[in-house]
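Enquirer:
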Amino acid sequence: ARVHEQLSSLLPANLILYTDNIDMHQPVQKDYLNALVSVFLNHFMVSYSEISTVSDPVIDLFFKGKIVQFNAFTNKEYPASIHLWLSRFFITHKQFVPILEITEAENECFNVDVLVENREDDLQIPVPLKDVFAKKSFDAVRMDIMRDLSTIAEFLPSLQQTLSKKGKFTPQYTARDFAAVLFQQLPIIRLFGIKLLLPKALSKIIQPAVTLRLGSKDGIVKKGSLLGLQQMLQYNWQASIGNQFISVEAFLDLLKKTSGLVKIRGEYVYFDEKETQKLAYQLTNPPRLDGISLLQIAMSEEYQGTPIEMTDELRAHIKSLSEISILPAPKGLNATLRPYQQRGFSWLYKNLQLGFGSILADDMGLGKTIQVITLLLKLKDDGDLTLQNRVLIVAPTTLLTNWEREIAKFAPQLNTGIFHGSARDMKLLAQTEIIITTYGSVRTDKAVLSKDNWLCLVIDEAQNIKNTAAEQTKSVKSIPAQCYIALSGTPVENRLSEYWSIFDFSNKGYLGNVKQFKSEYAIPIEADRDQHALRRFHKMTAPFVMRRLKTDKSIISDLPDKIEVNQYCHLTPAQAALYESIVEKSMQDIEANDGKARNGLVLTLIMALKQICNHPAQYLKKGKKDADLSGKGPLLLDLVAQAFDNDEKVIIFTQFKEMGDILVEILENAFQIHAPFLHGGTTRPNRDKMVEDFQQKSSARLMVLSLKAAGTGLNLTAASQVIHFDLWWNPAVEAQATDRAFRIGQKKNVMAHRFITTATFEERIDKMIQEKKALANLTVANGEHWIGDLSNQELRQMFALGK
Numbered sequence: 019a020r021v022h023e024q025l026s027s028l029l030p031a032n033l034i035l036y037t038d039n040i041d042m043h044q045p046v047q048k049d050y051l052n053a054l055v056s057v058f059l060n061h062f063m064v065s066y067s068e069i070s071t072v073s074d075p076v077i078d079l080f081f082k083g084k085i086v087q088f089n090a091f092t093n094k095e096y097p098a099s100i101h102l103w104l105s106r107f108f109i110t111h112k113q114f115v116p117i118l119e120i121t122e123a124e125n126e127c128f129n130v131d132v133l134v135e136n137r138e139d140d141l142q143i144p145v146p147l148k149d150v151f152a153k154k155s156f157d158a159v160r161m162d163i164m165r166d167l168s169t170i171a172e173f174l175p176s177l178q179q180t181l182s183k184k185g186k187f188t189p190q191y192t193a194r195d196f197a198a199v200l201f202q203q204l205p206i207i208r209l210f211g212i213k214l215l216l217p218k219a220l221s222k223i224i225q226p227a228v229t230l231r232l233g234s235k236d237g238i239v240k241k242g243s244l245l246g247l248q249q250m251l252q253y254n255w256q257a258s259i260g261n262q263f264i265s266v267e268a269f270l271d272l273l274k275k276t277s278g279l280v281k282i283r284g285e286y287v288y289f290d291e292k293e294t295q296k297l298a299y300q301l302t303n304p305p306r307l308d309g310i311s312l313l314q315i316a317m318s319e320e321y322q323g324t325p326i327e328m329t330d331e332l333r334a335h336i337k338s339l340s341e342i343s344i345l346p347a348p349k350g351l352n353a354t355l356r357p358y359q360q361r362g363f364s365w366l367y368k369n370l371q372l373g374f375g376s377i378l379a380d381d382m383g384l385g386k387t388i389q390v391i392t393l394l395l396k397l398k399d400d401g402d403l404t405l406q407n408r409v410l411i412v413a414p415t416t417l418l419t420n421w422e423r424e425i426a427k428f429a430p431q432l433n434t435g436i437f438h439g440s441a442r443d444m445k446l447l448a449q450t451e452i453i454i455t456t457y458g459s460v461r462t463d464k465a466v467l468s469k470d471n472w473l474c475l476v477i478d479e480a481q482n483i484k485n486t487a488a489e490q491t492k493s494v495k496s497i498p499a500q501c502y503i504a505l506s507g508t509p510v511e512n513r514l515s516e517y518w519s520i521f522d523f524s525n526k527g528y529l530g531n532v533k534q535f536k537s538e539y540a541i542p543i544e545a546d547r548d549q550h551a552l553r554r555f556h557k558m559t560a561p562f563v564m565r566r567l568k569t570d571k572s573i574i575s576d577l578p579d580k581i582e583v584n585q586y587c588h589l590t591p592a593q594a595a596l597y598e599s600i601v602e603k604s605m606q607d608i609e610a611n612d613g614k615a616r617n618g619l620v621l622t623l624i625m626a627l628k629q630i631c632n633h634p635a636q637y638l639k640k641g642k643k644d645a646d647l648s649g650k651g652p653l654l655l656d657l658v659a660q661a662f663d664n665d666e667k668v669i670i671f672t673q674f675k676e677m678g679d680i681l682v683e684i685l686e687n688a689f690q691i692h693a694p695f696l697h698g699g700t701t702r703p704n705r706d707k708m709v710e711d712f713q714q715k716s717s718a719r720l721m722v723l724s725l726k727a728a729g730t731g732l733n734l735t736a737a738s739q740v741i742h743f744d745l746w747w748n749p750a751v752e753a754q755a756t757d758r759a760f761r762i763g764q765k766k767n768v769m770a771h772r773f774i775t776t777a778t779f780e781e782r783i784d785k786m787i788q789e790k791k792a793l794a795n796l797t798v799a800n801g802e803h804w805i806g807d808l809s810n811q812e813l814r815q816m817f818a819l820g821k
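See below:
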C-alpha cells in the first residue's frame, strides 16, 4: 500500500520514488516483489546476480534503493508506465473488487463467471457483472471496474468477450482445456489478490504417482535382525491415482487416452503431459532399490510421499514391531517396577529377541538403569547371559559407581566387574558376566574389548557418541555384539545428525549414511520444519525408540511439578563500564575479520561477557569477590536464604570452575557453612561422598556444581531449589542439570531459577533460544555457534548495553 500511495501522489512528469523503506517481508508483499523481479529482469535480460553491473534508472530504483528522477525526454513517460503496471497489484484495495467464480457444468465442463463485491457493504454479497452494466447505481464506478477486469483479462483472455458482451457471456472450458486455466492463468490472477470461488471437486486435485507393491518372499515373514528383514522383502512397481493402485501396463494404456483434467470415480485427476512422460519413463525404466531403502519404505508405508500397497502378511508384521506383550519382572529383582518401567523392560526384551537394537530415551530420572538391570536379570534366568555370552556396559566415568551400586542393590545375583583405571585387566574379569567400563577405556582398549562377541552392548549417556567423526564414537561402534542398546535422556542435544549417530549404533545402516540422513531428514526437519518429513521419520524409527517424559502424568502421576522461573538482575556500575569497554573493543576486531577468525572472536566475546555478567573478579582474575560487586550476587544470597528459611536444600550450577570457586567463597562468608564444589577435577571417591552427604545429612544444605561435570548421572533429589547462575544456552543441557533434582524419589516441587542480566546480551540470547527451543518433541538447539552467523549490525544490537 505504501508503494501505491507514493506512486499515486507524485506527478508523472517529474517523479521521485523512495523505495528503501518498503517492507517486503510479508507473504503477499513477497509475491509483489517476486513479480517485480521477474518482469524487470526479463525486460532487461539480466540475471539477479548481474544487477550490480547494470546501469539503468529503473534497475537503480527497484534494486539498488537509489533516488531516481525521470525528467529526461527519453524517460519522462517511465513514471506513468510504472504506475500503470503497479496498479494491478492494488485492484483489491478499492471499494468494488472483481471475483471469479468457477462452477461445474454438464459434461465435465467448467464455467467462469465474473462477480463484483462492494467491500464497504456490510453484507458484501457479490453481484453478477451484468448488473454492473445494467444498473445506474454503478455508473460512477463502471469504467474503473472495466479497467480492472481488462487487466485481469490480460492473463485470462476469455474475459475479453465477457466484457464486450457486458457480462452476458460466460466462458466455458472442457475439463481438458481447463487444466491450463487452473494451473497457469488463475494463479497469476490470485497473485493480484483476486478472490477465486472454486467448486469442492477442485479443492483437491489428484496427480498420478509412481509407487510399488511390497511383500515378503513366499508370503512368509521370518523373525530376525532388522537388517535381516530387508532380505525377505520383494517389490513390484505400479502407479497410484489417489488411493487406487494400477499396474504399469494399465497406467501406460490410460496415458494414451487421457490428458488434462479427468474425472475418475468422482475425483479430478490432472494428467500433466510433461509429468506423465516422466512417470511413464520411471515405470518402464525403474530404479533398483536396495534392502535398506525397501525397509524404510516398508516402515514408513510410502515411497517419495506416495502411499504404497503392502501384502496383509507384511503389514501385520510391521504393525507387530510396535506391539509390546508385558512380561512379569524376574523373581529375583529387588524392586517393584512402575508400569511404564515394566513396559520398557518388556520392549527391550522383545527387541533383543528379534535381534533389533533399541534406544531407550526416557526423560532424565525415569529409571532407565533399572529397566536395563531387569532385562539383564531376565537374560540370566533364560540362560542367555553366561560367562561365554557376556554383557558390556559403557558409561561416563562419573556413572561407574552408580551402575555398580544399582546392580548390587536390585540384582545382586548378577556377577559384575569394572574395567577401568588400574583394574583394566580382562583376565581378572574372566569370571564376570557383566563388565562395566568407560568411554575412555573403550577408546584406549578397543582391541581388547573387541575380542569378545558380546551378547549385548549397552551404552549409557549415548550422546557421548553423537560426533560421528570422533575416535571415541568409532571405537564404541567397532565392538561386536548380538544386540545394541543406547540409553539417553537427551538423544538430540544440538542437531538431528547426532541422532543418526546413536541410531546407527543401535541399528547399523538402517538410516543409511549420514549424508543421506541429512538431506532426507535433518535439513527438511530442522531448517524447513517439514512436518511430512518429521512424520515419516517418526514412523520409521518408532519401533526402535522409546521416549517417555516425567511431565506426562499418564506415565508417572506421583512426581511433583518442575517450575522454571527467570530471575532478572542488573549490572552494577563497575560491571556496566567493563561490559561496554569490552564490547566496543571486540566489535572493532570482529568487524575487521571474517570467516573462522570472525566466529572465533564472537565466541571469545560471548565468553568474556558471560564472565563479566557473573562477577568482575571472574573476568579480571583479580580483585575483591564480594557478592554486592555483581548484580547476581545479592539475588543469589536472597534465594539461598529463603530456601534455608523454608528448610529446603539448594544446588547451584555454573559452567565456570573459576566462578564456582568465587561462589563457594561468597556462600561460606554469607552463611558460615561449608559449601562443597563438585567439578571436573573432583576425584571419584570425593564426588561419591559429596553426593551421599548431600542426600543423607541435614547439615549439608547446599552444593555448587560445575555444569559439565554434574550435568548427568547424579541423583540429588534432596534439593528442591535449583539455581542456574549462568546459562549454557542449550535447553537440553540445562534440563539435564535441573533433572539432578527433578527425578524419581523427589517428594517436593522443584523450583529452577534461571539468572539473567537484563538489558544485556544474556536477555536477548535467552529470548531467541526460547523461540527456537521446540522441534516436534526433539530438543534441537545449536549451542552458541549460530551467533557467529549474525551480521555485524545484528551483533552490535545483541551485545549493546541497554534496551
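My numbering puts the sequence shown at residues 19 to 821. For each residue, glycine too, the CB sits at the ideal point set by N, CA and C.
1. According to the neighbour-count rule (16 or more other Cβ atoms, all chains shown, within 10 Å of its Cβ), is residue 336 buried or exposed?
2. Need the endpoints of the beta strand (DSSP E) that residue 488 sits in, please.
3. Going by beta-carbon coordinates alone, are residue 394 and residue 409 separated by less than 8 angstroms?
4. Would you list the one or two residues that DSSP bridges to residue 128?
5. Does the count of Cβ pairs from the region 496-505 and the region 538-551 closer than 8 angstroms reach three?
6. Taking contact to mean 3 or more Cβ pairs, one atom from each stretch, closer than 8 angstroms, check whether the region 622-635 and the region 768-788 are in contact.
7. Using DSSP with H/G/I as helix, E/B as strand and the rest coil, what is residue 376?
8. If we count the other Cβ atoms within 10 Å of its Cβ and call it buried at 16 or more, is residue 820 buried or exposed?
9. I'd like the ranges of any alpha helix (DSSP H) spanning at least 4 consecutive residues and lying wholly in the region 533-566.
10. Should residue 70 be labelled buried (16 or more other beta-carbon atoms within 10 Å of its own) or exposed?
11. Which of the three DSSP states is assigned to residue 903 in this structure?
12. Just to confirm the assignment, what range does the alpha helix (DSSP H) spanning residue 473 have?
13. Evaluate residue 401 with the Cβ neighbour count: other Cβ atoms within 10 Å of its Cβ, from every protein chain shown; 16 or more gives buried, anything less gives exposed.
14. Among 270, 213, 293, 649, which residue has its Cα nearest to the Cα of residue 120?
15. Just the Cα atoms here: how many angstroms apart are residue 783 and residue 570?
16. Within a Cβ cutoff of 6 angstroms, which residues of the same chain sit near residue 700, ignoring the five residues on either side of it in sequence?
17. Assess contact between the region 83-94 and the region 179-193, defined as three or more Cβ pairs (one per stretch) separated by less than 8 angstroms. Is contact present?
18. When the Cα of residue 646 is compared with those of 612, 687, 625, 620, which residue comes out closest?
19. Are residue 355 and residue 392 touching if we call contact CB-CB under 8 angstroms?
20. Can you tell me which residues form a DSSP beta bridge with residue 233?
21. Can you tell me whether residue 692 is buried or exposed, with buried defined as 16 or more other CB within 10 angstroms of its CB?
22. Compute the distance between the beta-carbons of residue 771 and residue 805, then report whether it is under 8 angstroms.
23. How many Å lie between residue 780 and residue 621 at the Cα?
24. For a minimum of 3 consecutive residues, which ranges assigned as the beta strand (DSSP E) are wholly contained in the region 714-798?
25. Look at the Cβ atom of residue 720, then the Cβ atom of residue 684, and state whether they are nearer than 8 angstroms.
26. Can residue 487 be considered in contact with the ligand MN, in the sense that its beta carbon sits closer than 7 angstroms to one or more heavy atoms?
27. May I ask you to report which of helix, strand or coil DSSP gives residue 407?
28. According to DSSP, is residue 362 part of a helix, a strand, or is it coil?
29. Pick helix, strand or coil for residue 585, following the three-state DSSP scheme.
30. Spell out the partners DSSP gives residue 278 in its beta bridges.
31. Within 10 angstroms of the Cβ of residue 610, are there 16 or more other Cβ atoms? Answer buried if so, exposed if not.
32. In the DSSP output, which residue or residues are listed as bridge partners for residue 114?
33. Taking DSSP as the reference, what is the three-state secondary structure of residue 198?
34. Should residue 811 go down as buried or exposed, given a rule of 16 or more other Cβ atoms within 10 Å for buried?
35. Residue 651 by DSSP, collapsed to three states: which one?
36. What's the C-alpha gap between residue 448 and residue 404?
Expert: Put simply:
1. buried
2. Counting along the chain, residue 488 falls outside any beta strand (DSSP E), and DSSP gives it neither H nor E.
3. yes
4. 122, 191
5. no
6. yes
7. In the three-state reduction of the DSSP assignment, residue 376 falls in the strand class, which pools E and B.
8. With a 10 Å radius around the Cβ and a threshold of 16 neighbouring Cβ atoms, residue 820 comes out exposed.
9. Within the region 533-566, the complete alpha helix (DSSP H) segments at least 4 residues long are 549-559, listed from N- to C-terminus.
10. exposed
11. The structure shown does not extend to residue 903, since the chain is modelled only from 19 through 821, so no value can be given for it.
12. Segment: none, residue 473 is in no alpha helix (DSSP H) and carries neither H nor E.
13. By the 10 Å Cβ count, residue 401 comes out exposed.
14. 213
15. 29 angstroms
16. none
17. no
18. 687
19. yes
20. 252
21. The residue in question, residue 692, is exposed, as its Cβ has fewer than 16 Cβ neighbours within 10 Å.
22. no
23. 14 angstroms
24. 720-724, 737-742, 768-775
25. no
26. Of ligands this structure carries none, so the ligand MN is not represented either.
27. Correct three-state label for residue 407: strand.
28. helix
29. strand
30. 289
31. Its Cβ having fewer than 16 others within 10 Å, residue 610 is exposed.
32. 136
33. Residue 198: helix per DSSP, three-state reduction.
34. exposed
35. helix
36. Taking the straight line from one Cα to the other gives about 11 angstroms.
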